[in-house]
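Let me begin by presenting the structure, written as structure tokens, before commenting on it.
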Amino acid sequence: MDGHELGDWLKAEAEVMETSTKWQERRN
Numbered sequence: 100m101d102g103h104e105l106g107d108w109l110k111a112e113a114e115v116m117e118t119s120t121k122w123q124e125r126r127n
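In this text, residue positions in the sequence shown follow the working numbering: the first is 100, and each later residue adds one.
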């Protein structure tokens, strides 16, 4: 895995975490 792929993976992971957090806040 090169730096560009790692950057894309981290960006996607951050988006998933943000979406998950928003969904949990809306559910509570």
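For each residue, glycine too, the CB sits at the ideal point set by N, CA and C. This one's a predicted model, so the numbers in the text were calculated from it and none came from an experiment.
query, result
"CA-to-CA distance, W122 to H103, given in whole angstroms", "29 Å"
"Separation of R125 from D107, as counted between CA atoms", "27 Å"
"Euclidean distance between Cα positions of L105 and T120", "22 Å"
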